[in-house]
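Every letter in the sequence shown is one number past the one before it in our numbering, and letter 26, counting from 1, is 26. Note that the Cβ used here is the ideal one computed from N, Cα and C, for glycine as well. Just so we're clear, the structure is a prediction, and the values are computed from it rather than from any experiment. Presented below is the structure to which this report refers.
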Amino acid sequence: MIRPILIHPDPRLKKPCDTVTEFTADLAQLADDMLETMYDAPGIGLAAPQIGVMRRVLVMDCIKDGPPRPMVLINPEITWASEDQSIYEEGCLSIPDQYAEVKRPSEVRVTWHDLTGTVQEEQFSGLWATCVQHEIDHLNGKLFIDYLGPLKRQMITRKMEKLKRERARMAQA
Ligand code: NI
């Protein structure tokens, strides 16, 4: 099921999420819904708080050409980050049509639980590294615009407030 994506500013996008402790069918359904919502958007990553679920779950697939690689990461943690940094122009499904360059470690090693509760580990580089860091930030209540200067951040936030007002009007009409 495709779920509505919250648009910034929203208090749920600023709050740290809860650790997942039970690996149930309900969790698998959440992951399914998140992947469907992400592919539909379309996007390359989505974190649970973006659909208003305050649990430490993210999905991503950074494959541009070729067979998809849907990934579900539960309770992800960065255990190592490279000193080398990369700059990517980032966007966010909760901040539509706004993009800005963000500098982050080029490579990160991440551990997480899969849907059965088994611990997994992988080292990510390139777009995958940027994406996983962006999504883990969401689980900690942090957005990519928090890396920008205050003026740029305020400008984007005002645009999003306007967008939300317009959408609310459309919904009433
Ligand atoms: Ni995002």
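(request) Measure from the alpha carbon of E122 to the alpha carbon of each residue in R55, S94, Q98 and E107, then state which is nearest. (result) Of the listed residues, the one whose Cα sits closest to E122 is E107.
(message) Could you check whether the region 162-169 touches the region 144-153, counting it as contact only if at least three pairs of C-beta atoms, one from each stretch, sit closer than 8 angstroms?
(response) Judged by Cβ distances under 8 angstroms, the region 162-169 makes no contact with the region 144-153, as fewer than three pairs qualify.
(request) Would you mind sorting M160 into buried or exposed? The rule is 16 or more other CB atoms within 10 Å of its CB. (result) Classification of M160: buried, given that the 10 Å Cβ count is 16 or more.
(message) Could you tell me the alpha carbon to alpha carbon distance between Q98 and G43, rounded to whole angstroms?
(response) Computed Cα separation, rounded: 13 angstroms.
(message) I'd like to check one pair, V110 with E135: are the Cβ atoms closer than 8 angstroms?
(response) E135 places its beta carbon 8 angstroms or farther from that of V110.
(request) Return yes when the C-beta of L115 is under 7 angstroms from any heavy atom of ligand 1, and no when it is not. (result) Flag unset: Cβ of L115 not near ligand 1.
(message) Following a CB-centred definition, is L139 positioned closer than 7 angstroms to any heavy atom of ligand 1?
(response) No, the Cβ of L139 stays beyond 7 angstroms of every heavy atom of ligand 1.
(request) Could you tell me whether any non-hydrogen atom of ligand 1 is closer than 7 angstroms to the CB of H8? (result) No, Cβ of H8 sits at least 7 angstroms from all heavy atoms of ligand 1.
(request) Using three-state DSSP, classify E161 as helix, strand or coil. (result) Helix at E161.
(message) What would DSSP say about L6, mapped onto helix, strand or coil?
(response) The answer is coil: DSSP assigns L6 none of H, G, I, E or B.
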